[in-house]
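Written out below as structure tokens is the structure these notes cover.
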Amino acid sequence: MKAVGYAADHAGAPLGHFEFERREQGVHDVTLEVLYCGVCHSDIHYVNNDWGRSNYPVVPGHEIVGRVLSVGDKVTRFSPGDTVGVGCFVDSCRHCFSCDEGEEQFCAEGPTMTYGGFERESQRPTFGGYSTNYVVDEKYTLKISDQADLAATAPLLCAGITTWSPLKRYQVGPGQLVGVMGLGGLGHIGVKFAKAFGAEVVMFTTSTAKTEDAKKLGADHVVLSSDRETMKAWTNRLDFLLDTVSAPHDLNINLRLLKRDGVCCLVGLPDKPLSFSPFMTAGRKNITGSMMGGIEETQEMLDFCAEHGIGCDVELIDIQSINTAYKRVLKSDVKYRFVIDMASFNSDNSAWKQSLPQSQG
Ligand code: NAP
Ligand code: ZN
Ligand code: ZN
16 MKAVGYAADH
26 AGAPLGHFEF
36 ERREQGVHDV
46 TLEVLYCGVC
56 HSDIHYVNND
66 WGRSNYPVVP
76 GHEIVGRVLS
86 VGDKVTRFSP
96 GDTVGVGCFV
106 DSCRHCFSCD
116 EGEEQFCAEG
126 PTMTYGGFER
136 ESQRPTFGGY
146 STNYVVDEKY
156 TLKISDQADL
166 AATAPLLCAG
176 ITTWSPLKRY
186 QVGPGQLVGV
196 MGLGGLGHIG
206 VKFAKAFGAE
216 VVMFTTSTAK
226 TEDAKKLGAD
236 HVVLSSDRET
246 MKAWTNRLDF
256 LLDTVSAPHD
266 LNINLRLLKR
276 DGVCCLVGLP
286 DKPLSFSPFM
296 TAGRKNITGS
306 MMGGIEETQE
316 MLDFCAEHGI
326 GCDVELIDIQ
336 SINTAYKRVL
346 KSDVKYRFVI
356 DMASFNSDNS
366 AWKQSLPQSQ
376 G
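The structure is reproduced here in structure tokens:
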């Protein structure tokens, strides 16, 4: 099936117009028109080959909200007209221990990523949501409430589930002092969730200008992490710290904040290794990590957000502004997630709809 999007064709290249083919819709697939796609910092890491394993050309985008235009004959959960979401992965082996437990993000064979991956059977490259359409197995498709603000919902598909999953796993809630480090796309929704779960929340930021916003998002305390004296006052106090920082930083600082048996969960993925002194883990302090979340858990998170009116704070852009948006994200200058509104791009590039399966289109 034809598709049009924005791609980078080598490391660090600006994104530009790109025409490509997706797989034809199979019997278990839904075909969606992309309405909104969030801009995750991982997209930028990937385009820049920060992790040393990017495949090009890459069409980024794994925070996709779309409208179903057509479904395969065996699809049971979706119909044309439904609003749906696609997150970071679109397939997995379906039989390993993690897939069996609904933790497809940790699939033993590796999940098929929404972009930069290869489809399991055909080995066709996957291209992400900075594009007109997506063809995806219904098993990896999320239901989005019609009541939801769709632009504010798109970043939940990655930023939302990536913060929700560890906060839930470590049972963050009332009576706990919980830190969130880095006020960006992940951090701002992480604060909202930690607050919604009843914790007392401390936001650690390097940006003085974000103090007021952090409070509005729900932080009870805001700490400038570069201010050594203020940081000292938070020594040995946190039950849990969610680290969303996208650049290399000193983990000794994180460990110092934890109380005995406290947990620091790293979700940020800087391009260089992070380090800490083993002495700093005395007090049985824990460092762990987390990646995205499973499909069932993602649906739970989306349903919770729809029910409680939780969404991301977004700045809407046209796809033509994507390269400027990347520059601003790298300067930590976004409140707090860019989301691409695909409407005008879709109307300028609608020819692909002629290749929709006739019976359903
Ligand atoms: P983002 O919007 O750019 O936010 C990152 C924040 O980190 C910035 O707003 C800034 O917060 C802080 N920061 C940036 N550079 C810093 C530096 N040099 N020192 C200290 N703090 C710095 O990015 P995002 O989309 O939230 O993603 C954050 C990270 O998580 C990225 O590395 C991304 O790849 C990763 N990620 C991981 C997963 C996963 O499954 N584990 C999923 C999605 C994203 P302040 O201005 O408040 O200091
Ligand atoms: Zn992401
Ligand atoms: Zn698996």
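According to the working numbering, the sequence shown is numbered sequentially starting from 16. Backbone N, C-alpha and C define an ideal beta-carbon position, used for all residues, glycine too. It should be emphasised that the depicted structure is a prediction, and the values quoted were computed from it without experimental measurement.
Item: Straight-line Cα distance separating D254 from T129; Value: 34 Å
Item: Check: E78 C-beta below 7 Å from any heavy atom of ligand 3; Value: no
Item: Cβ separation of C320 and G81, assumed to be a contact under 8 Å, to the nearest whole Å; Value: Contact doesn't hold; Cβ gap of about 17 Å is too wide.
Item: Contacting residues, own chain, Cβ-Cβ under 6 Å from E34 (five flanking each side not counted); Value: V19
Item: C103 CB to nearest heavy atom of ligand 3 below 7 Å; Value: no
Item: Minimum length 3: unbroken beta strand (DSSP E) runs contained in the segment 211-294; Value: 215-220, 236-239, 253-258, 273-281
Item: Distance CB(G53)-CB(E78) smaller than 8 Å; Value: yes
Item: V74 and T147 closer than 8 Å at C-beta; Value: no
Item: Endpoints, the beta strand (DSSP E) within which N364 is located; Value: Counting along the chain, N364 falls outside any beta strand (DSSP E), and DSSP gives it neither H nor E.
Item: Completely contained beta strand (DSSP E) runs for the segment 120-181, where each covers 3 or more residues; Value: 148-152
Item: Identity of the residue in R243, C327, L192, D328 nearest L273 by Cα; Value: L192
Item: Ligand 1 heavy atom lying under 7 Å from the CB of K225; Value: yes
Item: CA nearest to the CA of G304, picked from K346, L256, D363; Value: L256
Item: 3 or more residues per run - each beta strand (DSSP E) lying fully within the segment 311-352; Value: 329-332
Item: Cβ distance (whole Å) where T220 is taken to contact L198 below 8 Å; Value: 5 Å
Item: C-beta atoms of A26 and N64 nearer than 8 Å; Value: yes
Item: F93 (DSSP reduced to helix, strand or coil); Value: coil
Item: Cutoff 7 Å; reference E13; Cβ partners in own chain excluding five residues on either side; Value: The structure shown does not extend to residue 13, since the chain is modelled only from 16 through 376, so no value can be given for it.
Item: Check: R109 C-beta below 7 Å from any heavy atom of ligand 3; Value: yes
Item: Opposing strand residues paired with T303 [DSSP bridges]; Value: C280
Item: For H32, the first and last residue of its enclosing beta strand (DSSP E); Value: 31-36
Item: For Y51, the three-state DSSP class (helix, strand or coil); Value: strand
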